[in-house]
Amino acid sequence: SLQKLDNFLHRCVGTDVAAAQTETARTDESDETERHKSLHTLLEERQKQAERSVLISCQSRTSEKKFLKHLSRHGDVQKYFFYESYGLYAVVEFATRESVASLLEGTVIPFVSHESVVPFKSRLLSLRNLSSTDTPNQQSGHKCQPQTTIPINELIQRLSREESINQQLTFLTEAYQITEENSRLRFLVCSLLKDCAAAYFPECDIKPFGSTVNGFGKLGCDLDMFLDLDSISGWNVKMPKSGLSLEFQMKRANSERAVTQSILSVIGECVDQFGPGCVGVQKILNARCPLVRFAHQPSGFQCDLTANNRVAMKSTELLYLYGELDPRVRSLVFSVRCWARAHSITSSIPGAWITNFSLTVMVLFFLQKRNPPIIPTLDQLRDLAGPEDKCVIEGNDCTFVSDFSKIRLQSNTETLEKLLCEFFEFYSTFSFSRMSINIRKGTEQNKPEVAPLHIQNPFETSLNVSKNVNATQLDRFVALCQESSWLLQQNVTNVPSGSINPTPWGLATLLLPSQVAGIKSRKKMRREPASERIKGLLESLKNKNSAKRS
Ligand code: GTP
Ligand code: MG
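The sequence shown begins at 59 in our numbering and counts up by one.
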């Protein structure tokens with residue numbers, strides 16, 4: 059049913075022009091082969107689509123028919139969709155890049171009275187005066203593609219209507235994951251930004267990484283990008299045959315970090331001064347990983363641009379691989395991330411909280427610890443690597459297999475429900491004080507240093523990815539794991555009512571406000587029997603629900 063829903067979602071979203079014109083539903087024979095596409099292939103395809111695309115601000119009265127006719131003058135439109143973000147926007151993908159050039163040729167820089175404009179020709183356009191609806195009494199009512207997740211209250215209701223916890227977990231993943239359209243929009247924003255950066259570095263590339271592409275991103279997550287200059291600076295290029303070396307490489311700075319900082323500084327400046335739609339640009343150049351942060355208004359994305367960040371790209375690839383190996387991986391990660399956000403275990407503000415990245419590594423570790431393991435360890439993935447996979451970054455071995463077909467999985471048939479239950483149980487009793495979480499070995503290791511939570515960085519193995527987490531936050535995490543484990547056990551016999559406004563049950567219960575964590579420390583929690591704490595919670599749930607019905 060996951061496959062069916064996947065097909066269904068693929069068909070529903072956006073408008074495939076050819077299909078719309080012939081009124082035939084698209085068949086998704088390619089889905090099975092698409093399933094195990096390597097991240098590289100996926101990135102390349104999406105980048106090409108983005109280069110042939112434009113982003114257009116429209117008026118809400120814009121007639122869809124006229125809009126399409128207007129654009130088709132410049133060439134075949136391969137795909138288009140509308141979305142809303144402080145106004146109506148459309149993403150339009152042409153069949154060729156020449157069409158984009160033709161479209162841009164016909165654009166004008168608007169005359170604005172009392173203001174001056176910076177004449178930067180970008181692929182962010184606005185279309186006016188194509189109003190009037192298709193027929194006199196028809197509202198133009200564009201079908202807009204959602205770019206954010208459903209609110210948590212609605213999610214809780216929808217989950218409560220599902221018939222099993224397994225279905226709840228699957229539903230949550232489908233409701234939260236980045237859609238086809240959202241993914242296209244993300245790559246388009248990278249491509250638009252590349253046009254700015256190319257003013258300085260014509261052969262540069264801007265690639266998304268992190269949750270935009272690792273398979274664990276939800277609608278609305280930030281857009282992590284990295285400026286890739288490797289094709290120019292050629293870190294892996296052998297001696298030049300011509301005997302010539304590029305003069306510009308001779309301009310030296312005293313460290314690679316200083317070079318990264320100066321590159322990001324000028325690009326940050328460029329984005330700030332000339333980047334259409336880019337607002338609130340902050341250069342955070344002294345961070346461990348220097349970055350430029352800004353909001354891209356037309357898409358609504360919070361963007362982080364970094365440079366020289368190849369290890370992060372490697373961890374993105376690793377997470378993507380794990381997510382592709384078994385569908386239970388993504389569902390469990392999505393649910394745990396959602397659960398953590400609902401209880402403010404994770405936060406959008408940086409601080410002593412557990413990050414989504416750390417949390418994902420914790421889920422992966424747990425899945426490696428099942429018997430038999432659901433996913434292989436990183437060392438096993440390294441041992442399967444071929445010569446083409448060899449990768450050493452700044453002395454760190456980042457080698458692991460890229461060919462999915464070489465990976466043999468063990469036959470573990472545990473249900474998602476069981477795994478969720480066991481996840482909470484596992485971390486309720488994990489020896490955080492002594493042990494470090496290690497996905498390279500797939501077993502806990504003695505902690506090499508003092509820190510409340512120690513999760514070994516998979517590639518830079520001397521680092522702790524959760525170094526920022528303090529004891530209070532870890533205690534809250536453990537308390538919530540205990541509570542959630544208990545709640546799931548109570549819900550085993552709960553039969554969903556099937557009413558429109560059903561009593562929250564199963565996974566939905568876990569997303570409701572907790573009455574334990576945050577107030578009490580771990581020690582206090584142990585003294586008090588769990589049943590006492592939960593009784594109150596269940597009472598308040600009942601009350602809430604009867605209040606809603608009345
Ligand atoms: P969101 O919270 O949905 O944005 O998840 P994310 O995975 O995109 O996390 P984030 O934006 O914080 O970081 C982007 C990427 O940087 C991650 O996917 C990792 O690949 C990498 N990353 C983030 N934090 C760390 C860390 O502490 N250590 C290492 N090695 N990599 C990190
Ligand atoms: Mg991110």
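Here a beta-carbon is modelled for each residue, glycine too, at the ideal position from N, C-alpha and C.
On a predicted model such as this, the values are computed, not experimentally measured, just so you know.
So, under 8 Å CB-CB, residue i and residue j are touching, yes? Tell me the CB distance rounded to an integer number of Å.
i: ALA365; j: THR318; result: 5 Å
i: ARG237; j: GLN203; result: Position check: residue 237 holds Thr in this sequence, whereas Arg was assumed. Confirmed, Cβ separation roughly 7 Å.
i: HIS354; j: GLY335; result: 6 Å
i: GLN235; j: PHE392; result: 7 Å
i: ASN522; j: ASN515; result: 7 Å
i: LEU285; j: ALA255; result: 6 Å
i: PHE245; j: LEU287; result: Actually they do not touch by this definition, with Cβ atoms about 19 Å apart.
i: TYR141; j: GLU239; result: 7 Å
i: PHE490; j: LEU511; result: 6 Å
i: ALA159; j: ASP134; result: Their Cβ separation, rounded to whole angstroms, is 14 Å, which puts ALA159 and ASP134 out of contact at 8 Å.
i: THR207; j: GLY273; result: Not confirmed; about 16 Å, so no contact.
i: HIS94; j: PHE462; result: 5 Å
In terms of DSSP beta bridges, what is residue i paired with?
i: LYS361; result: In the sequence under discussion, the amino acid at residue 361 is Cys, which differs from the Lys named in the question. According to DSSP, which records beta bridges pairwise, CYS361 is partnered with LEU281 and PHE352.
i: LEU183; result: ILE114
i: MET420; result: MET420 is not bridged to any residue.
i: GLN340; result: ARG351
i: PHE458; result: Answer by DSSP bridge pairing: none, since PHE458 is not bridged.
i: ILE451; result: ASN454
i: ASP286; result: ASP263
i: LYS276; result: GLN235
i: CYS202; result: PHE140
i: SER494; result: GLN503
Determine whether the beta carbon atoms of residue i and residue j lie at a separation below 7 Å.
i: LEU474; j: ARG386; result: yes
i: ASP362; j: ARG351; result: yes
i: GLU261; j: SER289; result: yes
i: LEU478; j: VAL459; result: no
i: PRO356; j: TYR485; result: no
i: LEU570; j: HIS401; result: no
i: LEU185; j: TRP397; result: no
i: HIS132; j: SER157; result: yes
i: VAL112; j: ARG181; result: yes
i: SER405; j: SER524; result: no
i: LEU100; j: GLU375; result: no
i: ILE114; j: LEU183; result: yes
i: VAL339; j: ASP330; result: yes
i: PHE535; j: ILE403; result: yes
i: GLN205; j: ASP280; result: no
i: LEU565; j: LEU217; result: yes
i: GLN136; j: GLU122; result: no
i: VAL419; j: ILE497; result: yes
i: GLN426; j: GLY500; result: yes
i: PHE229; j: GLU220; result: yes
i: ILE264; j: LYS276; result: no
i: ILE432; j: ASN470; result: yes
i: LYS505; j: SER494; result: yes
i: PHE178; j: PHE423; result: no
i: ALA108; j: SER249; result: yes
Can you check whether the C-beta of residue i is within less than 7 Å of a C-beta belonging to chain D?
i: ASP441; result: Structure shown: chain D not included; a single protein chain is present.
At a cut of 8 Å, does the stretch 540–548 reach the stretch 402–422 through at least three beta carbon pairs? When C-beta atoms of the stretch 540–548 are compared with those of the stretch 402–422, fewer than three pairs fall below 8 Å, so the two segments do not count as touching.
Using 8 Å as the Cβ pair cut-off and three pairs as the minimum, do the stretch 362–369 and the stretch 448–465 touch? Inter-segment contact for the stretch 362–369 and the stretch 448–465 is present: three or more beta-carbon pairs are separated by less than 8 Å.
Unbroken alpha helix (DSSP H) runs of length 4 or more, entirely within the stretch 216–265: which are they? With a minimum length of 4 residues, the continuous alpha helix (DSSP H) runs that stay inside the stretch 216–265 are 223–234 and 238–255.
Tell me the start and end of each unbroken alpha helix (DSSP H) in the stretch 358–398 that is at least 4 residues and wholly inside, in chain order. Listed in chain order, they are 368–383.
Can you confirm whether the stretch 428–442 touches the stretch 374–391 when touching is taken to mean that 3 or more C-beta pairs between the two stretches lie within less than 8 Å? Contact between the stretch 374–391 and the stretch 428–442 is present: 3 or more CB-CB pairs across the two stretches fall below 8 Å.
Any chance the stretch 167–181 sits against the stretch 133–152, with 3 or more Cβ pairs inside 8 Å? Counting C-beta pairs closer than 8 Å gives fewer than three between the stretch 167–181 and the stretch 133–152, which falls short of the contact rule.
Let me know the beta strand (DSSP E) ranges lying completely inside the stretch 496–539, each 3 residues or longer, listed in chain order. Segments of the beta strand (DSSP E) lying fully in the stretch 496–539: there are none.
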